[in-house]
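Residue numbers (the working numbering): 1026 to 1261.
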Amino acid sequence: MKIIASNFKTNHTRASTKDFVAQVKQFVVQKDIQTPIYIFPPATALDSFELPKNVTLGVQNAYPTKNGSFTGEIGTEQLDEFGIKTVLIGHSERRHVLGESQKISIEKFNFYKELGYNIIYCIGEKLEVKEQGVDKTLEYCFGQLDGIDISYENLIIAYEPVWAIGTGVVATTEDISTIHNALKQKIDSPILYGGSVKPSNLAEILKIESVDGSLIGTSSWEIESFQQMIEITSKA
Ligand code: 13P
1026 MKIIASNFKT NHTRASTKDF VAQVKQFVVQ KDIQTPIYIF PPATALDSFE
1076 LPKNVTLGVQ NAYPTKNGSF TGEIGTEQLD EFGIKTVLIG HSERRHVLGE
1126 SQKISIEKFN FYKELGYNII YCIGEKLEVK EQGVDKTLEY CFGQLDGIDI
1176 SYENLIIAYE PVWAIGTGVV ATTEDISTIH NALKQKIDSP ILYGGSVKPS
1226 NLAEILKIES VDGSLIGTSS WEIESFQQMI EITSKA
């Protein structure tokens, strides 16, 4: 079964998230969809939603701590309040916009692995790396897995080329299958693709055998579009 995940990034409010989640739930129940669905709202919109078994709420980021003095961050004390056990780590915006190092990604990974969290760990190259060819791209992506236990049972990898995120530029199916096939040689975990995925290209991307699902930003923020993509994923 292929997987679908929505990363809200810095979009949606507490009220609109509640509405979004309710509509996902209704859609999934009504169409009897079993596809694993992940939703990553902003931290201010976390809540104890009653969800079908296949729908999981996660956080876009969390600090490797229970609590403490880490201004602007949240830890497991805040996650436990809502029973959240799923975390995104190493998203390219954390790495390249917020300046997070591989070291902190590893610290987060080890901390949340120890607690048994589901971890969606993101990797992906910038355009200047892609332009140096496939070998360099793979070297770069494997470098982002340095220090990460890729045999962790609750791990999902997301391959998101930075040049394809939020740009409307989708990687070609050849680009995607080349990288995913190479990753699959070493990784048993599911591998999602992310970067300008939308209802019009999702089916084609999911046809690639080494793509186990998608992690979607922009086109997942509107409920009708996300529902359409849930349905496409359920039929893939
Ligand atoms: P877009 O779908 O907006 O390109 O974002 C992809 C992404 O970064 C998901 O985490």
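From the three backbone atoms N, C-alpha and C, an ideal C-beta is built for every residue, glycine too.
By Cβ distance, which residues of its chain are closer than 8 Å to residue i, with the 5 residues on each side in sequence left out?
i	result
residue 1203	1159
residue 1109	1071, 1082, 1083, 1084
Return the CA-CA distance between residue i and residue j, expressed in angstroms with no decimal places.
i	j	result
residue 1093	residue 1136	15 Å
residue 1090	residue 1174	19 Å
residue 1231	residue 1147	18 Å
residue 1212	residue 1224	28 Å
residue 1124	residue 1138	22 Å
residue 1074	residue 1207	38 Å
residue 1114	residue 1057	30 Å
residue 1107	residue 1033	18 Å
residue 1180	residue 1209	14 Å
residue 1051	residue 1167	39 Å
residue 1240	residue 1064	10 Å
residue 1042	residue 1066	7 Å
residue 1117	residue 1049	26 Å
residue 1164	residue 1248	37 Å
residue 1029	residue 1096	32 Å
So, with DSSP's three-state summary, where would you put residue i?
i	result
residue 1142	coil
residue 1033	coil
residue 1214	coil
residue 1168	helix
residue 1258	helix
residue 1042	helix
residue 1076	coil
residue 1176	coil
residue 1233	coil
By Cβ distance, which residues of its chain are closer than 6 Å to residue i, with the 5 residues on each side in sequence left out?
i	result
residue 1036	1246
residue 1131	1172
residue 1169	1148
residue 1228	1257
residue 1261	1027, 1231
Once the 5 residues before and after residue i are set aside, which same chain residues still bring their CB inside 7 Å of it?
i	result
residue 1104	1084, 1087
residue 1119	1086, 1125
residue 1054	1077
residue 1194	1188, 1221
Going by the DSSP bridge assignment, what does residue i pair with across the sheet?
i	result
residue 1190	According to DSSP, residue 1190 bridges with nothing at all.
residue 1063	1030, 1081
residue 1240	1030
residue 1183	1147, 1217
residue 1114	1146
So is residue i in contact with chain B if we call contact Cβ pairs under 8 Å?
i	result
residue 1026	No chain B is present in this structure, which holds just one protein chain.
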